[in-house]
Structures are given as structure tokens and as C-alpha cells.
Amino acid sequence: MDASANLPNFAHVKTASQLGPQATSSPPKTTSALPSSINDPAAGNRQWMVGREISSPVFDREATMNMSPIKMRNAGRPILIDQPSKKSGLSQSTQGESPWDAELGIYTHRKKASLDTGSPLLQLNKPLHKEAVKTFKSMQRVMGDRDRDRPIHNGSTTSLLAGNALLEEERSLLGEGLAHGELRDEIYCQVMKQLNGNPNPESVFKGWQLLCVLLVTFPPSKNFEASLRNFLQRATHQPEGRIDIMAKYCLRRLSHISRKGPRGKAPTLSEIESASDAAFHPSIFGESLDAIFRLQERNYPQQKVPIILPFLSDGILALGGTKSEGIFRVPGDGDTVPELKLRIDKGYYTLDGFDDPHVLASLLKLWLRELADPLIPDELYNDCITESSDPEACVMIVHRLPTINRRVVLFVVSFLQLFLEDKVQTITKMTAPNLALVMAPNLLRCSSESMAVVFTNAQYEQTFVHNLLLHLRCDEVDPDYVPVHGHGAIPSPSPPIPLSKSNPSKGRNRSNS
1 MDASANLPNF AHVKTASQLG PQATSSPPKT TSALPSSIND PAAGNRQWMV GREISSPVFD
61 REATMNMSPI KMRNAGRPIL IDQPSKKSGL SQSTQGESPW DAELGIYTHR KKASLDTGSP
121 LLQLNKPLHK EAVKTFKSMQ RVMGDRDRDR PIHNGSTTSL LAGNALLEEE RSLLGEGLAH
181 GELRDEIYCQ VMKQLNGNPN PESVFKGWQL LCVLLVTFPP SKNFEASLRN FLQRATHQPE
241 GRIDIMAKYC LRRLSHISRK GPRGKAPTLS EIESASDAAF HPSIFGESLD AIFRLQERNY
301 PQQKVPIILP FLSDGILALG GTKSEGIFRV PGDGDTVPEL KLRIDKGYYT LDGFDDPHVL
361 ASLLKLWLRE LADPLIPDEL YNDCITESSD PEACVMIVHR LPTINRRVVL FVVSFLQLFL
421 EDKVQTITKM TAPNLALVMA PNLLRCSSES MAVVFTNAQY EQTFVHNLLL HLRCDEVDPD
481 YVPVHGHGAI PSPSPPIPLS KSNPSKGRNR SNS
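For the sequence shown, the UniProt record's numbering begins at 1 and goes up steadily by one.
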């Protein structure tokens with residue numbers, strides 16, 4: 001017998017709560033080997049073993065409140081955000097495979113396995129097994145690794161029909177991922193498996209195009225994101241077939257969509273075509289301000305703000321935005337907004353066929369919201385919400401912005417100030433607080449994943465933007481840049497209320513020009 005036999009054995013002893021109401025009438029049969037105090041559960045909890053007693057939980061309400069963001073909301077203060085250190089997608093380590101990589105064998109491409117699969121690659125709920133097999137076959141047809149059920153012969157008309165049919169199938173595949181969140185990792189995994197070791201260069205190119213489209217439609221789960229990122233990292237060193245260019249683009253899109261989340265609906269056929277080639281024809285949506293300036297420097301070398309800003313703002317004015325009720329609040333048509341977005345991405349800055357200012361206003365907000373980095377950098381976010389009630393401090397934050405960011409803020413704020421005239425507000429019903437409400441999420445970006453934090457800070461973000469609308473003198477901040485709207489046809493807004501005489505709660509009382 002070992003030494004542990006001399007110690008009382010409590011492994012089989014149940015507490016009073018576990019024994020239920022019969023605890024006192026039916027004591028354990030082995031109580032003879034236990035201390036007498038075990039017959040009294042309450043006493044036993046105190047006297048079992050001196051020095052080894054496990055105390056009951058002690059509720060510390062103050063500590064709990066200190067850990068909860070709700071405390072800050074109840075205290076009427078914003079919740080500061082811990083800003084993570086930024087890491088470039090290309091600088092992260094590519095050494096080693098994630099446990100998912102080894103378990104799934106996604107880096108092995110076997111011809112037999114590539115032609116068919118009777119079960120999903122990942123563990124899915126049984127009702128989704130058929131959908132997983134369906135998406136796998138659709139993915140193979142999109143990549144050209146599986147023939148269509150009804151082959152279409154070569155010819156100008158039939159080839160066009162075949163192309164549209166593949167786009168429709170790709171759109172259906174994207175729709176399945178949007179409808180069933182559990183399928184998203186499965187779809188990514190299927191494409192990764194089909195790409196690796198695939199001997200057909202054309203199929204590989206189409207597979208990477210499919211990845212480009214997937215990464216503007218829905219993100220992988222947090223569990224699968226690291227595995228996908230490792231896969232993309234490896235491909236950045238493969239110049240054959242320009243795979244490295246597409247892989248670097250996909251890495252940027254992965255970071256963006258992981259933060260933004262999935263689309264509301266599947267992209268249109270035109271959007272799918274545009275997203276497929278986006279690695280070689282970058283969009284001005286979803287990019288950084290620096291990248292956007294590089295894209296336009298050849299055609300618009302003198303522009304000090306992205307050309308899309310004067311194009312959309314002048315268009316809003318030309319289409320009667322100052323006489324449209326709910327401008328910036330009422331959304332534009334869901335099909336027309338993407339259509340105009342695609343036209344701009346192709347470099348066609350024309351409004352032929354568009355007559356609704358709400359479409360342009362929605363696209364302006366979309367462009368701001370989809371910037372790769374928030375217009376007001378994360379480093380200044382906490383200053384914005386903590387100083388939101390101080391108009392002068394809000395104005396000084398604009399002075400601290402990087403040059404490009406500052407000029408974009410000046411352009412946007414000065415444009416919105418055109419809508420603060422009393423005669424305009426009477427028609428649009430968009431007061432300064434209303435404009436601040438709808439524009440704050442496009443200028444400031446809360447990086448917290450806690451909805452309590454997001455909702456708490458929203459009011460301070462709105463107050464910050466409200467103070468900019470009322471007090472920022474946009475023609476005095478940057479000596480090298482004064483924003484102009486309507487190609488000079490629209491006069492500058494009335495000077496904001498002097499800070500010394502301001503009252504944020506009375507933003508509507510502005511003098512007419």
C-alpha cells in the first residue's frame with residue numbers, strides 16, 4: 001500500500017447541492033473512512049483538510065465593473081481603444097504550417113482526388129454535406145478542371161453564353177457561402193486544395209482569380225484565417241504566371257474583409273469580372289490613400305485630393321443634392337450604386353444615365369468607409385472621442401493629421417458645410433446633428449470587436465464630427481490647399497461659428513450667405 005492510502009479519499013464524495021434533498025437522509029456508505037464532519041456538508045467544507053481548503057467564490061462588484069465597458073457607458077465617458085501594432089501582411093512569418101494545414105492535407109493535389117469528392121474536406125453539419133460537394137464541383141468548373149454537363153461548342157455567340165454561364169455558376173457559389181457561414185472555410189479549403197500541385201497553368205490562374213473574388217465577398221473564420229494567410233504568403237514567392245501579384249493582392253484583401261465582414265448579397269456578374277482582374281487593375285475602392293494617389297498621378301498630377309471626391313461632390317450638386325430630402329441618409333438604389341462604382345473603377349468619370357443624387361451620396365460614403373485605413377488614423381481615435389466635446393481640440397486634431405488625410409477631411413467637411421445653410425436644411429431635413437450621425441462611421445472607425453464599446457463610442461464620434469461641421473474653417477487649416485466645390489460655381493459656405501461664441505447644441509442657427 002502506498003503512502004496516499006493514509007489520506008482520506010474524497011473522490012467519491014458529492015456536495016449537498018449534488019446529492020439533492022436526500023443528502024441528510026442518505027449519507028454515503030463509505031462515511032466510516034471519512035472525518036466525522038463529512039456528515040455535515042457545511043462543516044465539512046470548512047474542516048476537511050487544514051491548509052487545503054478551497055474557498056467559495058467571492059463576488060467583487062467593483063472589480064467586475066472595472067472590467068466591463070458598460071461602466072464607462074454608465075459613467076458618461078468614452079471607452080478608449082487599445083491600438084494593436086500594425087503588421088504588414090507580407091512581413092508576417094511564413095514558417096511552418098498551421099495544425100489545420102497538416103490535418104487537412106490541403107497542400108497535396110492528387111489527380112484522382114481533384115476530379116471528385118464524396119464528402120466535405122472539413123467537418124460540417126450533415127445537412128451541408130451535399131452543398132459542400134456541390135460547391136466543390138462548381139469550383140472545378142469555374143477553374144476549368146471539370147467539364148460542364150452540357151458542353152457548349154466554340155462560336156462567338158455560344159462562347160459568350162458559356163462565359164456568362166460560368167459567371168452565373170461562380171455567383172451561385174458565392175451565394176452559397178453568404179447563405180451558409182459554415183461553408184465559407186470549406187470553399188476556401190477546396191480552392192486551396194485544387195490549386196496546389198495543379199499542372200494546368202490556366203486552371204491555376206482561374207483559381208487565383210476565384211480567390212480574388214472570394215476575398216471581396218466573405219471572409220474565412222477566425223480559426224481558418226491563419227491557414228489561408230500562410231497559403232497566400234507562400235504564393236508571394238511564385239512569379240510564374242503572375243501568381244505572386246495576385247497573392248499579394250489577396251493578402252491585402254484578406255486583412256480588409258476580415259475587419260469588414262461579408263457582403264450583404266452576392267456580387268453582380270460585372271462585379272465578379274472586375275474583382276477577378278482587380279490584382280492587375282486596382283480599384284480606387286478599398287485601397288489606401290497613398291495607393292489611390294499613385295493610381296491617379298499620371299492622369300491627374302495636379303490633384304491634391306483623390307479625383308473621385310470632386311467628381312462625386314460636383315455630381316451631387318449638379319443633380320440637385322441640396323434640394324433632395326434625406327441626402328446622405330436615404331440610400332441610393334442597390335443595383336445602380338455598384339454600376340456607378342464599376343464605371344469609376346474603369347476610369348470613366350461620367351454621369352451619363354445617372355440622375356439620382358442619392359446614388360452618388362451613397363457611393364461617396366462607401367468610398368470613405370472602404371478605405372484600407374480609416375481617414376482619421378487609429379493613433380488619433382482615442383483623442384477624437386476623449387476631446388469630442390471641446391470644439392477647439394477637435395479642430396486641432398485635424399491639424400495633426402497626415403497631409404493627404406487632412407486634405408480629404410477638409411474637402412469632405414467643407415462639402416458637408418454647404419448643406420448647413422438654413423434654406424438648404426429646410427428642404428433636405430438634414431441638420432448638422434443628422435449629418436454628423438450618418439457621416440461619423442465613415443470618418444472614424446472603432447476597431448473594437450465589442451458591440452458595447454462600438455455603441456458607447458458612437459455618440460462621441462458623432463459629437464466630434466458635429467464640432468468639425470460647425471467650427472472647422474476649412475480655408476484656413478492648410479495654406480497649400482483650399483477646397484473648392486462645383487468648379488467654383490458654388491460659393492464657399494458661410495464661415496463657421498467662432499469658437500469663443502459657439503454652442504454645439506444650436507448648430508442649425510447659421511447665417512445665410
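We treat Cβ as the ideally placed atom computed from N, Cα and C, and that holds for glycine.
No experiment lies behind these values; they were computed from the predicted model shown.
Residue i in three-state terms, based on DSSP
{"i": "E240", "result": "helix"}
{"i": "Y348", "result": "coil"}
{"i": "I376", "result": "coil"}
{"i": "D335", "result": "coil"}
{"i": "T135", "result": "helix"}
{"i": "H180", "result": "coil"}
{"i": "T386", "result": "helix"}
{"i": "G175", "result": "helix"}
{"i": "N223", "result": "helix"}
{"i": "P127", "result": "helix"}
{"i": "I81", "result": "coil"}
{"i": "Y481", "result": "coil"}
{"i": "G353", "result": "coil"}
{"i": "A279", "result": "coil"}
{"i": "G486", "result": "helix"}
{"i": "L342", "result": "helix"}
{"i": "residue 521", "result": "The requested residue 521 does not occur in the structure, where the chain is confined to residues 1 to 513."}
{"i": "E186", "result": "helix"}
{"i": "S36", "result": "Any reading at S36 is ruled out, since the residue's pLDDT is 48, under 50, leaving its predicted position unreliable."}
{"i": "R148", "result": "coil"}
{"i": "N196", "result": "coil"}
{"i": "T217", "result": "coil"}
{"i": "R473", "result": "coil"}
{"i": "L410", "result": "helix"}
Terminal residues of the alpha helix (DSSP H) in which residue i lies
{"i": "G207", "result": "201-214"}
{"i": "K365", "result": "357-369"}
{"i": "A393", "result": "391-399"}
Burial state of residue i, where buried means 16 or more other Cβ atoms lie within 10 Å
{"i": "Y188", "result": "buried"}
{"i": "G241", "result": "exposed"}
{"i": "A179", "result": "exposed"}
{"i": "Q303", "result": "exposed"}
{"i": "M430", "result": "buried"}
{"i": "Y381", "result": "buried"}
{"i": "Q83", "result": "exposed"}
{"i": "E325", "result": "exposed"}
{"i": "G181", "result": "exposed"}
{"i": "R400", "result": "exposed"}
{"i": "Y348", "result": "exposed"}
{"i": "T403", "result": "exposed"}
{"i": "E202", "result": "exposed"}
{"i": "R259", "result": "exposed"}
{"i": "S119", "result": "exposed"}
{"i": "N230", "result": "buried"}
Straight-line gap, residue i to residue j (C-alpha atoms, nearest Å)
{"i": "G320", "j": "Q238", "result": "51 Å"}
{"i": "V409", "j": "K206", "result": "39 Å"}
{"i": "S389", "j": "G261", "result": "31 Å"}
{"i": "A361", "j": "K323", "result": "13 Å"}
{"i": "T217", "j": "K265", "result": "8 Å"}
{"i": "T456", "j": "R263", "result": "25 Å"}
{"i": "R294", "j": "L371", "result": "15 Å"}
{"i": "F415", "j": "D378", "result": "24 Å"}
{"i": "R141", "j": "L167", "result": "10 Å"}
{"i": "D478", "j": "L340", "result": "32 Å"}
{"i": "E461", "j": "G286", "result": "22 Å"}
{"i": "Y481", "j": "D475", "result": "8 Å"}
{"i": "L317", "j": "Y300", "result": "22 Å"}
{"i": "P331", "j": "L435", "result": "14 Å"}
{"i": "Q296", "j": "L289", "result": "11 Å"}
{"i": "T463", "j": "V305", "result": "25 Å"}
{"i": "D352", "j": "S313", "result": "16 Å"}
Closer than 6 Å: residue i CB and nearest the ligand HEM heavy atom
{"i": "I292", "result": "Of the ligands one can find in the structure shown there are none, so the ligand HEM has no counterpart to examine."}
Beta carbon proximity, residue i to chain B, threshold 7 Å
{"i": "V482", "result": "Absent from the structure is chain B; it holds one protein chain and no more."}
Inset, instruction - Mind listing, in chain order, the continuous alpha helix (DSSP H) runs of no fewer than 4 residues lying wholly within the segment 412-468? - result: 422-428, 432-443
Inset, instruction - Would you mind listing the alpha helix (DSSP H) stretches within the segment 229-277 that are 4+ residues and don't spill past its ends, in chain order? - result: 243-260, 269-276
Legend entry - Segments assigned alpha helix (DSSP H), at least 4 residues, entirely inside the segment 285-330: 289-296, 308-318
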